[in-house]
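The next block holds one structure in the form of structure tokens; read it before the comments.
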Amino acid sequence: MREMTCIVCPNSCTLKVEEQREEIVVTGNKCKRGREFAAAELKHPMRTVCSTVRTVFPEAPVVPVRVSAEIPKNRIFDVMREINQTVLTVRAAGGDVVIRDVLGLGVDVIATSSMLQSFAELKGEK
Amino acid sequence: MTDYDVLVIGGGPGGLAAAVSAKKEGAGVLLIEREARLGGILKQCIHDGFGLLRFGEKLTGPEYVERFEEEFHKLSISYEVQTFVTSVRKTEKGFYVYAVNAKGVREYRTKAMVLATGCRERTAKQVFIHGTRPAGVFTAGTAQHFVNLMGQMPARRCVILGSGDIGLIMARRLTLEGAKVLGVYEVKPVPSGLTRNLVQCLEDYDIPLFLSHTVTRVFGTGRLTGVEIAGVDERMRPIPGTERYVECDTLILSVGLIPENEMAESLGVPLDIRTKGPICDNRFMTEADGVFTCGNATHVNDLVDYVSESGEIAGRAAASYKKRTGQESEKGRVMMDADASLQYLVPQKLNLGSDLGKVILYFRSSRVLTEGTLTVAVDGQKIFARKYQNLKPPEMERLEIDFTGQCLTKESRVLVSIAEGGGI
Numbered sequence: 023m024r025e026m027t028c029i030v031c032p033n034s035c036t037l038k039v040e041e042q043r044e045e046i047v048v049t050g051n052k053c054k055r056g057r058e059f060a061a062a063e064l065k066h067p068m069r070t071v072c073s074t075v076r077t078v079f080p081e082a083p084v085v086p087v088r089v090s091a092e093i094p095k096n097r098i099f100d101v102m103r104e105i106n107q108t109v110l111t112v113r114a115a116g117g118d119v120v121i122r123d124v125l126g127l128g129v130d131v132i133a134t135s136s137m138l139q140s141f142a143e144l145k146g147e148k
Numbered sequence: 065m066t067d068y069d070v071l072v073i074g075g076g077p078g079g080l081a082a083a084v085s086a087k088k089e090g091a092g093v094l095l096i097e098r099e100a101r102l103g104g105i106l107k108q109c110i111h112d113g114f115g116l117l118r119f120g121e122k123l124t125g126p127e128y129v130e131r132f133e134e135e136f137h138k139l140s141i142s143y144e145v146q147t148f149v150t151s152v153r154k155t156e157k158g159f160y161v162y163a164v165n166a167k168g169v170r171e172y173r174t175k176a177m178v179l180a181t182g183c184r185e186r187t188a189k190q191v192f193i194h195g196t197r198p199a200g201v202f203t204a205g206t207a208q209h210f211v212n213l214m215g216q217m218p219a220r221r222c223v224i225l226g227s228g229d230i231g232l233i234m235a236r237r238l239t240l241e242g243a244k245v246l247g248v249y250e251v252k253p254v255p256s257g258l259t260r261n262l263v264q265c266l267e268d269y270d271i272p273l274f275l276s277h278t279v280t281r282v283f284g285t286g287r288l289t290g291v292e293i294a295g296v297d298e299r300m301r302p303i304p305g306t307e308r309y310v311e312c313d314t315l316i317l318s319v320g321l322i323p324e325n326e327m328a329e330s331l332g333v334p335l336d337i338r339t340k341g342p343i344c345d346n347r348f349m350t351e352a353d354g355v356f357t358c359g360n361a362t363h364v365n366d367l368v369d370y371v372s373e374s375g376e377i378a379g380r381a382a383a384s385y386k387k388r389t390g391q392e393s394e395k396g397r398v399m400m401d402a403d404a405s406l407q408y409l410v411p412q413k414l415n416l417g418s419d420l421g422k423v424i425l426y427f428r429s430s431r432v433l434t435e436g437t438l439t440v441a442v443d444g445q446k447i448f449a450r451k452y453q454n455l456k457p458p459e460m461e462r463l464e465i466d467f468t469g470q471c472l473t474k475e476s477r478v479l480v481s482i483a484e485g486g487g488i
């Protein structure tokens with residue numbers, strides 16, 4: 023039996039996970055996402071990566087980004103390398119794709135803020 | 065001078081929610097923010113996990129707060145950025161608020177105020193560390209500002225003191241950007257951050273956590289060259305002989321947050337020594353008539369969802385304040401007495417001015433309890449009880465209690481307590 027903490031939500035449920043032949047038995051979870059988390063955690067742990075990309079705009083040297091869906095935990099640093107090689111040259115809005123299908127993982131790296139556009143509006147006012 | 069019904073100080077998640085809800089009630093609202101952009105601290109909280117309760121999704125800080133900003137702008141609420149409130153004067157004609165910005169000294173008049181000033185980090189000066197004063201000692205929030213907003217790395221080899229959530233988040237963030245985080249040292253025997261952050265920020269990256277340890281000394285003349293670590297006893301005093309030297313160029317402090325209430329104190333608003341925020345009622349009105357509090361200025365919240373919720377309640381109440389004046393004082397307010405089994409309880413008072421109805425309470429347990437029961441008693445009579453599993457001081461609980469039909473008066477004795485075990 024393995025004990026793990028579910029990281030899906032702030033409840034941080036303590037999961038007791040037992041592998042019985044083909045089946046995974048999870049107890050201690052308050053919701054069904056805990057079971058899904060435990061199952062994934064045993065076979066192929068997945069995580070979200072949040073970071074920043076550089077921009078060419080002096081008022082915002084970096085803009086926050088994240089992956090559009092979870093990626094395998096063991097690819098986090100590979101994705102970080104891609105993110106750190108990217109320079110944003112357009113005033114992207116939150117949700118805009120910054121790197122499409124990063125490393126062929128089937129997920130995009132997307133901007134998580136429209137700050138570049140707000141700064142553009144601020145300039146326009148002056 | 066311009067007149068408003070509600071003036072909100074602070075443009076973070078609490079202030080934005082307060083302004084939006086006050087405006088929706090038909091109030092004339094002005095929001096004042098000292099920074100160039102709205103959004104407060106969430107601008108730099110680029111990690112995900114925000115908004116699970118409110119939106120049912122894991123959003124990053126900027127994504128969460130920009131949803132509120134969008135609504136704020138849609139309602140065409142007036143606001144001033146890069147504007148700093150210097151003083152507030154209470155008169156019979158309302159509050160006179162003085163502020164400075166690029167246009168000069170500004171004066172505003174308002175019927176009600178919402179103080180959404182958030183909280184501040186405890187700094188190196190507030191924790192007892194000996195040694196020189198080298199560069200390289202930052203609060204976690206400052207380090208976060210450097211990395212996430214300025215794109216600058218403040219650390220190569222770093223030690224983190226304190227296991228607060230921001231410290232844990234920064235341990236991961238600095239590791240992702242190539243720094244070596246040597247360890248997180250926590251003076252208490254239990255971690256202060258959320259368990260999920262211990263897992264996804266430390267365990268995932270093999271960053272060790274040392275409980276009952278602290279930094280006793282810093283070394284270095286220009287830049288930090290190392291720190292001395294020591295084990296502590298049960299009274300958190302360093303144990304002689306346990307000291308060891310750790311070579312590092314950065315020390316990051318995540319040693320607690322304190323509600324910011326300088327403005328509130330200048331208005332004579334009494335603070336609760338447990339929350340370090342204003343004593344308030346279920347409408348988030350402080351002991352000073354017309355002065356409302358919300359978010360992390362009231363008490364340090366674990367989740368922004370609760371900050372937004374308190375902002376909404378405070379904003380709505382502030383908007384209707386002008387109509388209520390006079391009627392409330394007769395019935396008054398009753399204190400809710402939270403005993404020592406609770407670290408604190410918010411609100412501290414119940415407003416008896418109109419039907420109480422459903423009241424939202426936020427509390428923290430003083431102790432770790434695998435099973436605990438919270439009870440509310442009025443004049444010795446139990447009126448509410450709820451069972452909890454895994455109560456921990458670092459994890460805040462939210463509770464809704466329906467007071468409909470409870471004949472409370474100013475003289476009622478309301479007692480809130482947590483007992484060990486599940487017996488109701």
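Listed in order, the protein sequences are those of chains Z and D.
Every number in the working numbering is 22 more than the matching position in the first sequence, counting from 1.
Every number in the working numbering is 64 more than the matching position in the second sequence, counting from 1.
A virtual CB, placed ideally from N, CA and C, is assigned to each residue, including glycine.
If you're wondering where the values come from, they're calculated on a predicted model, not measured in any experiment.
| query | result |
| --- | --- |
| Quick one: Cα of Arg173 (chain D) to Cα of Lys107 (chain D), how far? | 30 Å |
| Return yes when at least one heavy atom of the ligand FMN lies under 7 Å from the C-beta of Leu238 (chain D), else no. | The ligand FMN is absent from the structure shown, which contains no ligand whatsoever. |
| Residues of chain Z with CB closer than 8 Å to the CB of Asn212 (chain D), please, in chain order. | Thr74, Val84, Pro86 |
| Is Asp112 (chain D) helix, strand or coil by DSSP? | strand |
| With respect to the beta strand (DSSP E) encompassing Thr108 (chain Z), which residues constitute its N-terminal and C-terminal limits? | Where Thr108 (chain Z) is concerned, there is no enclosing beta strand (DSSP E), given that its DSSP letter is neither H nor E. |
| DSSP three-state call for Met349 (chain D): helix, strand or coil? | strand |
| Does Val89 (chain Z) come out as helix, strand or coil in the three-state DSSP assignment? | strand |
| What first and last residue would you give for the beta strand (DSSP E) that runs through His209 (chain D)? | Counting along the chain, His209 (chain D) falls outside any beta strand (DSSP E), though it belongs to the alpha helix (DSSP H) covering 204-209. |
| Would you be able to state if there are at least three C-beta pairs under 8 Å between the region 78-97 of chain Z and the region 131-141 of chain Z? | yes |
| Who are the neighbours of Met23 (chain Z) on chain D, taking C-beta pairs under 9 Å? | Correct list: empty, because the minimum Cβ distance to chain D is about 18 Å. |
| When the Cα of Ile271 (chain D) is compared with those of D:Lys157, D:Gly247, D:Ser384, D:Ala352, which residue comes out closest? | D:Gly247 |
| If you follow the alpha helix (DSSP H) that Ser85 (chain D) is in, where does it begin and where does it stop? | 77-88 |
| So what's Asn165 (chain D) in DSSP terms, helix, strand or just coil? | strand |
| Taking only runs that begin and end inside the region 178-205 of chain D, name each unbroken beta strand (DSSP E) of 3 or more residues, in chain order. | 183-185, 201-203 |
| Please determine, among D:Gly242, D:Arg101, D:Cys222, the residue with the shortest C-alpha to C-alpha distance to Phe141 (chain Z). | D:Arg101 |
| Beta strand (DSSP E) containing Thr239 (chain D): first to last residue? | Note, Thr239 (chain D): premise wrong, no beta strand (DSSP E); alpha helix (DSSP H) at 229-240. |
| Starting from the N-terminal side, write out each stretch of the beta strand (DSSP E) that is 3 residues or longer and does not extend beyond the region 106-136 of chain Z. | 119-121, 131-133 |
| Could you tell me whether the Cβ atoms of Gly320 (chain D) and Thr181 (chain D) are closer together than 8 Å? | no |
| Since Thr196 (chain D) and Gly284 (chain D) should fall inside the 8 Å C-beta cutoff, what is the C-beta to C-beta distance between them, to a whole number of angstroms? | 6 Å |
| Hey, could you find the ends of the alpha helix (DSSP H) Ser330 (chain D) is sitting in? | 326-330 |
| Give me the DSSP bridge partner(s) of Met300 (chain D). | For Met300 (chain D), which the question treats as bridged, DSSP gives no partner whatsoever. |
| Quick one, which residues of the region 32-56 of chain Z are near chain D if we go by CB-CB under 8 Å, in chain order? | Pro32, Ser34, Thr36 |
| Is Glu373 (chain D) buried or exposed, if buried means 16 or more other CB atoms sit within 10 Å of its CB? | buried |
| How big is the Cα-Cα spacing for Tyr408 (chain D) and Asp268 (chain D)? | 33 Å |
| Hey, Thr314 (chain D) and Gly200 (chain D): beta-carbon distance below 8 Å or not? | yes |
| Going by C-alpha distance, which of D:Tyr249, D:Arg186, D:Ile96, D:Asp345 is nearest Thr150 (chain D)? | D:Ile96 |
| Might you give, ordered along the chain, the residues of its own chain that have their beta carbon closer than 7 Å to the beta carbon of Gly486 (chain D), omitting 5 neighbours on each side? | Glu435, Thr437, Lys451 |
| What residue from D:Leu116, D:Lys138, D:Glu464 has the CA that sits closest to Lys87 (chain D)'s CA? | D:Lys138 |
| At a CB-CB cut-off below 8 Å, which residues of chain D make contact with Ala95 (chain Z)? | Rather than Ala, the amino acid found at residue 95 (chain Z) in this sequence is Lys. The contacting residues are Asp268. |
| As a quick exercise: from Z:Thr74, Z:Glu41, Z:Arg76, Z:Cys72, pick the residue whose alpha carbon is nearest that of Glu63 (chain Z). | Z:Glu41 |
| Is Ala441 (chain D) helix, strand or coil by DSSP? | strand |
| Taking the Cβ atom as the reference point for each residue, do Val279 (chain D) and Tyr309 (chain D) lie within a distance shorter than 8 Å? | no |
| Between the alpha carbons of Arg131 (chain D) and Phe114 (chain D), how many angstroms are there, rounded? | 12 Å |
| Which residue comes first and which comes last in the alpha helix (DSSP H) that contains Val129 (chain D)? | 125-138 |
| Is it right to say Lys148 (chain Z) is buried, meaning 16 or more other beta carbons lie within 10 angstroms of its own, or is it exposed? | Residue placement at Lys148 (chain Z) is poorly supported in this model, since its pLDDT is 42, which falls under 50; the coordinates still yield a value, given next. Classification for Lys148 (chain Z): exposed. |
| Look at the alpha carbon of Ser429 (chain D) and the alpha carbon of Ile121 (chain Z), and state the distance between them as a whole number of angstroms. | 45 Å |
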